[in-house]
Amino acid sequence: MTVRVLLVDDQPLVRAGLRVLIAEAADLDVVGEAGTGAEAVRLVRDLAPDVVLMDLRMPGTDGIQATRTITAHGGPTRVLVLTTFDDDEHVHAALRAGASGFLVKDMAVDDILAAIRVVAAGDALIAPAVTRRLIAEFARRPERLTPGRSLAGVTEREREVLTLVGRGLSNAEIAAELVISAATAKAHVARLFAKLGARDRVHLVIAAYEAGLVTTTG
């Protein structure tokens with residue numbers, strides 16, 4: 001299946017470069033381009049892309065605000081931030097806005113293309129070790145979280161799985177920890193997506209912190 005991508009960056013040369021790179025991938029297709037956040041929101045509504053490759057700093061509606069608007073409707077489109085600014089504040093702001101991933105523009109081309117595929121599939125974007133560091137910092141800021149998140153409808157086994165997801169374990173690591181098959185671990189994670197309304201694995205990690213299953217000290 002071809003992944004439909006919308007490019008959003010206020011620099012035409014950046015968009016042109018990304019378009020050329022993505023065109024070389026047989027399973028990726030650029031369906032549109034936008035130079036502002038407001039235009040991105042409109043094109044998402046008109047084109048329904050699978051993934052939006054979103055810059056952060058743009059005139060008018062910036063990437064954070066555009067991401068928030070795009071993801072607020074709960075549609076299938078996922079936002080993958082691609083920016084030159086990789087400080088914690090930008091990462092946290094992007095996650096709070098509903099982004100499914102965060103990349104910097106000096107990454108290898110193959111890594112960017114792989115990230116687009118990962119986000120389109122709704123899977124984990126960043127390595128478990130990076131997830132632990134990033135979300136631990138996110139969780140240290142009480143204004144970033146909604147404490148006491150309800151886990152109504154979540155089974156005891158699913159709570160165990162969510163705890164391990166919150167600790168940054170991959171599906172394979174969860175399977176080994178709980179002595180279950182990788183397919184079973186993946187199925188538990190998929191059910192958690194549905195029950196908790198999580199867009200992707202990063203947001204499952206945040207849910208684990210909000211529910212008190214994981215703390216910044218372990």
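Just so you know, we're using the working numbering here: the sequence shown kicks off at 1 and counts up by one. Glycine included, every Cβ here is placed at the ideal spot set by N, Cα and C. Keep in mind that this is a model prediction, so the values were computed, not measured.
- Along the length of the region 25 to 79, whole alpha helix (DSSP H) runs at least 4 residues long occupy 37 to 47 and 63 to 72, reported in chain order.
- In this structure, T83 sits away from L113, with a CB-CB distance that is not shorter than 9 Å.
- The beta carbon of V91 sits closer than 6 Å to the beta carbons of F102 from its chain, once the five residues preceding and following it are set aside; these are given in chain order.
- Take R45, set aside five residues on each side of it, and no residue of its chain has a beta-carbon closer than 6 Å to its own.
- Distance check between A72 and each of R159, L95 and V118 places L95 closest, using alpha-carbon atoms only.
- Residue range V3 to V8 is occupied by the beta strand (DSSP E) that includes R4.
- Counting C-beta atoms within 10 angstroms of its own C-beta, L47 has fewer than 16 neighbours from the protein chains shown and is therefore classed as exposed.
- Rounded to whole angstroms, the separation of the alpha carbons of L196 and D9 is 32 Å.
- Distance between A198 and K105, taken at the CA atoms: about 27 Å.
- For L178, the secondary structure class from DSSP, reduced to helix, strand or coil, is helix.
- The residues T36, G37 and A38, in chain order, have a CB closer than 8 Å to that of G60 in the same chain once the five nearest residues on each side in sequence are set aside.
- Going by beta carbons, A120 and R78 fall inside the 9 Å limit.
- Among the bridge pairs identified by DSSP, F102 is matched with V81.
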